[in-house]
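Residue numbers (the UniProt record's numbering): 1 to 365.
Quick reminder that beta carbons are idealized off the backbone N, C-alpha and C, glycines included.
Predicted, not measured: the structure shown is a model, and the values here were computed from it.
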């Protein structure tokens with residue numbers, strides 16, 4: 001009988017070929033890594049090539065369906081609908097990248113859902129999220145979503161100034177703040193970007209000073225069909241600059257911000273995808289029109305290179321008897337969510353302007 005071959009004696013070029021073939025097959029790579037210590041060390045970089053620690057691509061979540069929640073629900077209906085093991089798995093990854101930062105260069109495809117319930121839930125390793133993200137400089141494919149249980153969590157608005165500089169395939173999903181989007185868009189090389197997908201991407205909005213614009217504060221003043229329909233037309237350059245300087249409010253709504261940043265650069269996109277939720281009485285008309293305007297600009301700039309185009313604009317919610325199951329994973333549904341609307345609080349407690357000051361802000365926004 002032929003003598004057994006010890007694992008470490010397998011030529012390295014053969015091992016490389018084996019593990020390159022297994023990239024994307026996490027179960028096989030994990031099994032191979034458990035074979036021996038040498039294979040564990042060898043397999044880890046290949047296991048990290050594709051990292052998917054997300055819940056925003058799960059679509060229908062039957063484990064949460066009942067008489068109140070309709071049969072089609074999405075991962076972002078509420079942050080409580082995330083898989084029970086998501087946060088522990090994310091924390092394990094953050095711990096690994098913190099303990100062994102040299103492994104960060106092996107991550108090339110990164111899918112992640114930013115999930116925060118409240119400030120008290122954040123652990124020390126959670127607060128290393130931006131530090132770890134800042135090390136992922138080899139990521140070329142980024143699929144990032146944000147789901148916040150409490151949008152006033154300050155940590156979610158403290159990203160480093162530049163993130164993911166090597167990205168060529170970008171998908172942004174859910175409700176985000178401009179600081180995070182700016183960090184990604186300004187870091188990448190626009191001429192190298194090949195695929196851009198904005199999947200129901202929303203701007204969380206902000207007050208002067210950077211505090212988020214919460215729903216119950218924005219609702220009475222947002223320029224929509226319900227209360228301020230006379231304010232229409234896309235947001236012009238002057239208002240945009242006031243928003244950038246912090247002297248004008250940013251209302252929640254479709255986020256055109258990344259398109260605005262990219263429109264001044266040379267682009268060679270081959271795929272463009274922009275999806276917006278169906279129009280309803282609450283949607284910010286100016287943000288919607290501005291989103292459309294900048295989408296057209298990007299289309300015109302890339303008309304020679306574009307090979308595929310997906311647009312969801314102008315759908316009327318009246319045609320949807322139940323939520324559209326083809327929508328993205330973080331499309332926010334409202335069929336069993338009720339928000340109490342209150343007038344702006346008086347004074348400057350928590351940095352929020354009072355009624356009189358708020359009306360003055362509205363004149364300039």
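task: Take the Cβ of residue 265 as the centre, count every other Cβ of all protein chains shown within 10 Å, and call the residue buried at 16 or more, exposed below.
output: In the chain shown, counting from the first residue as 1, residue 265 sits at position 265. The Cβ neighbour count for residue 265, taken over all protein chains shown within 10 Å, is under 16; the residue is labelled exposed.
query: Secondary structure at residue 30, three-state DSSP: helix, strand or coil?
result: Here residue 30 refers to the residue found at position 30 when the chain shown is read from its first residue. DSSP places residue 30 in helix when its eight states are reduced to three.
message: Helix, strand or coil for residue 146? Go by DSSP, reduced to three states.
response: Here residue 146 corresponds to residue number 146 of the chain shown, with the count starting at 1. In the structure shown, residue 146 sits in a strand (DSSP, three-state: E or B).
Own chain partners of residue 48 with C-beta closer than 8 Å, once the 5 adjacent residues on each side are dropped: Counting from 1 along the chain shown, the entry for residue 48 is found at position 48. Once the five neighbours on either side are set aside, the close Cβ partners of residue 48 are 103, 106, 107.
message: Less than 7 Å between C-beta atoms, sequence neighbours within five positions excluded: which residues of the same chain meet that for residue 183?
response: Mapped onto the chain shown, residue 183 falls at position 183. Counting only Cβ-Cβ distances below 7 Å, and skipping sequence neighbours, we find 159, 160, 161, 162, 163.
query: Under 8 Å, do residue 273 and residue 197 count as touching if we go by C-beta distance?
result: For the purposes of this step, residue 273 is taken as residue 273 along the chain shown, with counting starting at 1. For the purposes of this step, residue 197 is taken as residue 197 along the chain shown, with counting starting at 1. A contact, by the Cβ cut-off of 8 Å.
query: By how many angstroms is the C-alpha of residue 112 removed from the C-alpha of residue 42?
result: Locating residue 42 in the chain shown gives position 42, counting from the first residue. Locating residue 112 in the chain shown gives position 112, counting from the first residue. Near 25 Å, if we compare the C-alpha coordinates of residue 112 and residue 42.
- prompt: DSSP state of residue 197, grouped into three classes?
  reply: For the purposes of this step, residue 197 is taken as the residue at position 197 of the chain shown. In this structure, residue 197 counts as strand in the three-state DSSP scheme.
- prompt: Since residue 292 is in the alpha helix (DSSP H), which residue starts that stretch and which ends it?
  reply: For this step, residue 292 is matched to residue 292 along the chain shown. In the DSSP assignment, residue 292 falls within the alpha helix (DSSP H) that extends over 285-301.
task: Closer than 6 Å by C-beta to residue 287: which residues in its own chain qualify, once you throw out the five before and the five after it? Chain order, please.
output: Translated into positions along the chain shown, residue 287 becomes position 287. Result list for residue 287: 253, 254, in chain order.
- prompt: Taking just the CA atoms, how far does residue 136 sit from residue 312?
  reply: Against the chain shown, residue 312 aligns to sequence position 312. Against the chain shown, residue 136 aligns to sequence position 136. Their Cα atoms are separated by approximately 31 Å.
Cβ neighbours of residue 109 in the same chain (closer than 6 Å, five flanking residues each side left out): Here residue 109 refers to the residue found at position 109 of the chain shown. Apart from the 5 residues on each side of it in sequence, residue 109 sits with its Cβ closer than 6 Å to the Cβ of 50, 141 in its chain, given in chain order.
message: Taking the alpha-carbon of residue 166 as reference, which of 36, 195, 21, 173 has the nearest alpha-carbon?
response: Position 166 of the chain shown holds residue 166. With respect to the C-alpha of residue 166, the residue from 36, 195, 21, 173 having the closest C-alpha is 195.
Whole-number beta carbon distance between residue 270 and residue 307, since they are thought to touch under 8 Å: As a first step, residue 307 is located in the chain shown; it is residue number 307 there, counting from the start. As a first step, residue 270 is located in the chain shown; it is residue number 270 there, counting from the start. The distance from the Cβ of residue 307 to that of residue 270 is about 5 Å, consistent with a contact at the 8 Å cut-off.
- prompt: Between residue 174 and residue 56, is the Cβ-Cβ spacing less than 8 Å?
  reply: For the purposes of this step, residue 174 is taken as residue 174 along the chain shown, with counting starting at 1. For the purposes of this step, residue 56 is taken as residue 56 along the chain shown, with counting starting at 1. Contact: yes.
task: Can you say whether residue 304 is buried or exposed, counting buried as having 16 or more other CB atoms within 10 angstroms of its CB?
output: Taking the first residue of the chain shown as 1, we reach residue 304 at position 304. Residue 304 counts as exposed, since fewer than 16 other C-beta atoms from the protein chains shown sit within 10 angstroms of its C-beta.
message: At the level of alpha carbons, what is the spacing between residue 60 and residue 188?
response: Taking the first residue of the chain shown as 1, we reach residue 60 at position 60. Taking the first residue of the chain shown as 1, we reach residue 188 at position 188. For residue 60, the predicted structure reports a pLDDT of 45, less than 50, and the residue's modelled location is therefore unreliable. A value from the coordinates is still provided. The straight-line gap from Cα to Cα measures roughly 33 Å.
Span of the beta strand (DSSP E) around residue 308: As a position in the chain shown, residue 308 is number 308, starting the count at 1. It spans 308-312 - the beta strand (DSSP E) in which residue 308 sits, taken as one unbroken run.
field: Distance between residue 139 and residue 207 (C-alpha atoms, nearest Å)
entry: Here residue 207 refers to the residue found at position 207 when the chain shown is read from its first residue. Here residue 139 refers to the residue found at position 139 when the chain shown is read from its first residue. Taking the straight line from one Cα to the other gives about 33 Å.
query: Among 241, 147, 155, which one has its Cα closest to the Cα of residue 203?
result: Position 203 of the chain shown, counted from the start, is the residue given in the question as residue 203. Of 241, 147, 155, the residue nearest in Cα terms is 147.
message: Which of the three DSSP states is assigned to residue 186 in this structure?
response: Reading the chain shown from its first residue, position 186 is the one you call residue 186. Note: residue 186 maps to coil in three-state DSSP.
message: Taking the alpha helix (DSSP H) that residue 121 belongs to, which residues open and close that run?
response: Looking up residue 121 in the chain shown gives position 121. Here residue 121 belongs to no alpha helix (DSSP H), and DSSP marks it neither H nor E.
task: Check residue 370 in the structure and name its three-state DSSP category.
output: Outside the modelled stretch of the chain, which goes from 1 to 365, sits residue 370, for which no answer is possible.
message: The beta strand (DSSP E) that contains residue 171, what's its start and end?
response: To locate residue 171, count along the chain shown from 1; it is residue 171. For residue 171, the enclosing beta strand (DSSP E) covers residues 169-176.
query: What is the rounded straight-line gap between the Cα of residue 170 and the Cα of residue 235?
result: Indexing the chain shown from 1 puts residue 170 at position 170. Indexing the chain shown from 1 puts residue 235 at position 235. Taking the CA atoms as reference points, residue 170 sits about 25 Å from residue 235.
- prompt: For residue 10, which of 27, 39, 300 has the nearest alpha-carbon?
  reply: Along the chain shown, one-based indexing puts residue 10 at 10. Of 27, 39, 300, the residue nearest in Cα terms is 39.
Opposing strand residues paired with residue 113 [DSSP bridges]: The residue you call residue 113 lines up with position 113 of the chain shown. DSSP, once it has assigned bridges, lists 145 as partnering residue 113.
Pairwise C-alpha distance: residue 251 and residue 333: Within the chain shown, numbered from 1, the residue matching residue 333 stands at position 333. Within the chain shown, numbered from 1, the residue matching residue 251 stands at position 251. Residue confidence is low: residue 333 scores 33 on pLDDT, short of 50, so the model does not pin down where it sits. Its coordinate-derived value is still stated next. C-alpha of residue 333 to C-alpha of residue 251: approximately 19 Å in a straight line.
query: Bridge partners of residue 273, per DSSP?
result: The residue you call residue 273 lines up with position 273 of the chain shown. For residue 273, which the question treats as bridged, DSSP gives the partners 197, 310.
Through-space distance from residue 132 to residue 37, alpha-carbon basis: Locating residue 37 in the chain shown gives position 37, counting from the first residue. Locating residue 132 in the chain shown gives position 132, counting from the first residue. One C-alpha to the other measures close to 26 Å.
message: Output needed for residue 127: all residues of its chain with C-beta closer than 8 Å, excluding positions within five of it in sequence on either side, in chain order.
response: Here residue 127 is taken as the residue at index 127 of the chain shown, counted from 1. Its chain contains 155 as the residues whose beta carbon lies nearer than 8 Å to that of residue 127, once the 5 sequence neighbours on both sides are disregarded; these appear in chain order.
message: What would DSSP say about residue 50, mapped onto helix, strand or coil?
response: Indexing the chain shown from 1 puts residue 50 at position 50. Strand.
field: Close beta carbons around residue 145, own chain, < 6 Å, minus the five adjacent residues each side
entry: Taking the chain shown and counting its residues from 1, the one referred to as residue 145 is at position 145. These residues qualify, in order along the chain: 56, 113, 173, 174, 330.
- request: Classify residue 101 as buried or exposed, calling it buried when 16 or more other Cβ atoms lie within 10 Å of its own Cβ.
  value: Here residue 101 is taken as the residue at index 101 of the chain shown, counted from 1. Exposed, by the Cβ-count rule.
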